[in-house]
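Working notes, structure below.
Residue numbers (the working numbering): 122 to 318.
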């Protein structure tokens, strides 16, 4: 579905059509792989209501993705109206730079570029909005991976701010990165966001 179609037919701003965070518990172990398929399949043809971004533990749910993975879904997945899972109490526990990133995230993207990935394994996408690029990646595998990004392809010579998981799956870390080529480790079931200057 094109953007003009969704703008005309408001019921299609954020349609269902995939297992989101409400995936049955017995399939929860496949969530990272499932998320690494959707950018290439369901979400490639239009917006979807996945309900991403869950930093806190949910009762009776097995949470196997890192917070970096969860934050990355805010950019990797596109929806006309993005509904986040995280509750206010959980969001209040996050570092200010994570809250600010989500607060300032554009509600509408101008385009999407697939930078790297393979369905079911990992996905790295870039989305521009209002003259700025947002890059995000997720690793759907249970093993670490290293990727290389050429940010000059996006016209980002000066670099940007990287947010990824910290020392544990539930922590974050942030740092400035320079422009050009960036080699980035992706933890197992981990992810990152990169806001380019």
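Even for Gly, the Cβ is constructed at its ideal location relative to N, Cα and C. All values derive from a computational prediction rather than experimental measurement.
Subject >> Completely contained alpha helix (DSSP H) runs for the segment 186-216, where each covers 4 or more residues >> reply: 188-197, 209-212
**OP:** For the alpha helix (DSSP H) holding residue 157, just list the boundary residues, first then last.
**Re:** Position 36 of the chain shown, counted from the start, is the residue given in the question as residue 157. From DSSP, the alpha helix (DSSP H) with residue 157 extends over 152-158.
**OP:** Please list, in chain order, all residues of the same chain as residue 196 whose beta carbon is under 8 Å from its beta carbon, the five residues on each side excluded.
**Re:** Reading the chain shown from its first residue, position 75 is the one you call residue 196. Closer than 8 Å at the Cβ level, and outside the excluded window around residue 196, lie 226, 246, 248, 255, 256, 257, 314.
**OP:** Please name the residue, chosen from 266, 153, 282, that lies closest to residue 272 on a Cα-to-Cα basis.
**Re:** Numbered from 1 along the chain shown, position 151 holds the residue referred to as residue 272. Ranking 266, 153, 282 by Cα distance to residue 272 puts 282 first.
**OP:** Since I believe residue 290 is in contact with residue 172 (beta carbons under 8 Å), could you give me their beta-carbon distance rounded to a whole number of angstroms?
**Re:** Here residue 172 refers to the residue found at position 51 when the chain shown is read from its first residue. Here residue 290 refers to the residue found at position 169 when the chain shown is read from its first residue. Contact flag wrong, Cβ pair sits at about 20 Å.
Original post:
Hey, quick one: how far does the beta strand (DSSP E) through residue 246 stretch, first residue to last?
Top reply: Counting from one through the chain shown, the residue named residue 246 turns up at place 125. It spans 243-250 - the beta strand (DSSP E) in which residue 246 sits, taken as one unbroken run.
**OP:** Measure the C-alpha to C-alpha separation of residue 301 and residue 180 and round it to an integer number of angstroms.
**Re:** Within the chain shown, the letter at position 180 stands for residue 301. Within the chain shown, the letter at position 59 stands for residue 180. Whole-angstrom Cα-Cα distance: 43 Å.
Original post:
In three-state DSSP terms, what is residue 271?
Top reply: As a first step, residue 271 must be located in the chain shown, where it is residue number 150. It is a strand residue.
Original post:
Which residues does DSSP pair with residue 237 in a beta bridge?
Top reply: Translated into the one-based positions of the chain shown, residue 237 becomes position 116. Paired residues: 245.
Subject >> Exposure label - residue 208; buried when at least 16 CB within 10 Å >> reply: The residue given as residue 208 occupies position 87 in the chain shown. Exposed.
**OP:** Could you tell me whether the Cβ atoms of residue 279 and residue 318 are closer together than 8 Å?
**Re:** The residue given as residue 279 occupies position 158 in the chain shown. The residue given as residue 318 occupies position 197 in the chain shown. Yes. Within cutoff.
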